[in-house]
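*Asks:* The opening position of the sequence shown corresponds to residue 1356 in this note's numbering, with each subsequent residue numbered one higher. Note that the Cβ used here is the ideal one computed from N, Cα and C, for glycine as well. Sharing a structure, written as structure tokens. Questions coming.
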Amino acid sequence: MKNIQLDENSLFTHISKIIEKRKNRAGMYANREVTLMYWEIGRYIGSVLLGGERAEYGKKILVTLSQQLINKYGSSYELRNLRRMVQFDELFPNLSIVSTLSTQLSWSHFIEILPLETEKARLYYANDAITRNLGICELRNQISRKAYERREIANTQLKETSKVPFNVFKDPYLLDTLGLKENFLEANLEKAILTELEAFILEFGHGFRTDAFLFEMA
């Protein structure tokens, strides 16, 4: 190693960077192991206690099991969370996908994603949280604003010949700017988006300049 002249401040700065880097990696590793542990617990409970004819009896056993685990390991194993673990395995049965997502998403992220109705929506929000490094509150906000649902409805209106790029409406704030607020009932959501986007797409469907539009919307 080369001899490097270091003052106290630069030495402290360098060591701090090493510590923070390793702490982050340790946190990611620990988070991944916890999430995989919950997935494995959910798979085992689902297959041993809640499968087939054992389902009703298994539900009763689950209550006792939860209390035993709480007594030994703490409140993370309350009944509600055990049921989430079973649901986690049911909705994410592929271990390789879970392993990949768990390197960057916490169990709290998955708790927000599990209630979503479709696999596409769950994977969309999971990948969006990873790509944009969303915290729990930010992810919850995206879900409550129906970012995925509104984007999908908008995309159905973009014909192959249109110059409007696919997924240009992926940001719910952009949809809000067009008057598509997040508080629509499901029954009215598609109608509202179709109404508001019709004039926009017809006007800009030919020769649409995304850079100018995005600049104006920023």
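1) If we count the other Cβ atoms within 10 Å of its Cβ and call it buried at 16 or more, is residue 1468 buried or exposed?
2) Note down, in chain order, each residue of its chain lying with its Cβ closer than 6 Å to the Cβ of residue 1441, except the 5 sequence neighbours on either side.
3) For residue 1434 and residue 1484, what's the separation of their Cα atoms in angstroms?
4) Can you tell me which of 1474, 1501, 1453, 1507 puts its alpha carbon nearest to the alpha carbon of residue 1387?
5) Among the residues of its own chain, which have a CB less than 6 Å from the CB of residue 1456, if the five just before and after it don't count?
6) What is the DSSP secondary structure of residue 1398, reduced to helix, strand or coil?
7) Using only CA atoms, which one of 1501, 1460, 1488 lies nearest to residue 1476?
8) Here's a check: name, in chain order, each residue in its chain whose Cβ is nearer than 8 Å to the Cβ of residue 1417, leaving out the five neighbours to either side.
9) Taking the C-alpha atoms as reference points, what is the distance between residue 1498 and residue 1444?
10) My understanding is that residue 1464 touches residue 1494, with C-beta atoms under 8 Å, so please give their C-beta distance in whole angstroms.
11) With distances taken from CA atoms, which of 1458, 1390, 1411, 1393 is nearest residue 1379?
12) So the alpha helix (DSSP H) residue 1463 belongs to, where does it begin and stop?
*Replies:* Put simply:
1) buried
2) 1397, 1400, 1401
3) 27 Å
4) 1453
5) 1481
6) helix
7) 1501
8) 1400, 1404, 1405, 1434, 1437, 1438
9) 21 Å
10) 6 Å
11) 1458
12) 1462–1468
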